[in-house]
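Novice: Position 13 of the sequence shown, counting from 1, maps to 13 under this note's numbering, and the rest follow consecutively.
Don't be surprised by glycine CBs; every beta carbon is placed ideally from N, CA and C.
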Amino acid sequence: MFIFNVKVNGSKIFKYFFMGIIAFLVVILGIVMCRVFGGANNASKSQSCFPQNGVSEIQPRNYTNILKTVHENIDSYVGKKICFTGYVYRVLDLQDNQFVLARDMIVSSNSQSVVVGFLCECDNAKNFTDNSWVKVTGTIVKGDYHGDMPIVKVTDIKSVDKPSSDEYVYPPDDSYIPTAGIL
């Protein structure tokens, strides 16, 4: 049987405890500083939104979130290049060079839908019939259609097949957190 006789000095315990707390805080501060100022993480996140060619590809899962964000903050997105797919939709008061690149947004549990989309301007818009599916690349500009509205000035348009999945989009949700000017 071993018996230990340990003499405890109160001031030494306080010093060791205090030094342990300081070391712990320094480690936590270092981790926070690396995450905040560590350029690798922040650069990769922003570059994933805007790839090397500077064109942001809009996916069906975030289509309405981006549409809503761009409409609410037009000035933040002017000059941004986007690429997305939808079908050509026209209403009576559009000009000959305009169409809506549309998607059907499901609004109820019994599959009722409404048409949503970006207003596009394109020199050869007449070459594409209503309800034909196209992929558009263009630049967002501020325009006027019953008030201020983002308009996509089309730089490239091509016919594509109707998607076999992801044809519909869903209402905006809280999962998308926009950052001004970043899609």
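#1: At the level of alpha carbons, what is the spacing between Thr85 and Val32?
#2: Where does Arg61 land, buried or exposed, given buried means 16+ other C-beta within 10 angstroms?
#3: In angstroms with no decimal places, state the Cα-to-Cα distance between Tyr170 and Asp130.
#4: Hey, is the region 112-125 in contact with the region 133-148, meaning 3+ C-beta pairs nearer than 8 Å?
#5: Quick test of the definition: if touching needs 3 or more C-beta pairs under 8 Å, does the region 93-108 touch the region 68-81?
#6: Measuring alpha carbon to alpha carbon, tell me which of Ile21, Gln59, Lys126 ends up nearest Ile157.
#7: Count the other C-beta atoms from every protein chain shown that fall within 10 angstroms of the C-beta of Thr64, then say buried if there are 16 or more, exposed otherwise.
#8: Quick check: what's the CA-CA separation for Phe128 versus Gly79?
#9: For Lys15, count neighbouring Cβ atoms within 10 angstroms of its own Cβ and tell me buried if that reaches 16, exposed if not.
#10: I need the DSSP call for Tyr170, collapsed to helix, strand or coil.
#11: When we look at the beta-carbon of Val66 and count the other beta-carbons within 10 Å, is it buried (16 or more) or exposed?
#12: Looking at Val136 and Cys83, is the spacing between their C-beta atoms short of 8 Å?
#13: Do Trp133 and Asp166 have their C-beta atoms closer together than 8 Å?
#14: Which same chain residues end up closer than 6 Å to Arg90 when comparing Cβ atoms and leaving out the 5 residues on each side of it in sequence?
#15: CB-CB under 7 Å to Leu29, same chain, minus the five flanking residues each way: which ones, in chain order?
#16: Rounded to whole angstroms, what is the Cα-Cα separation between Phe17 and Arg35?
Specialist: So, from the listed chains and residues:
#1: 40 Å
#2: exposed
#3: 22 Å
#4: yes
#5: no
#6: Lys126
#7: buried
#8: 25 Å
#9: exposed
#10: coil
#11: Correcting the residue type first, residue 66 is Ile in the shown sequence and not Val. It counts as buried.
#12: yes
#13: no
#14: Phe99, Asp130
#15: none
#16: 27 Å
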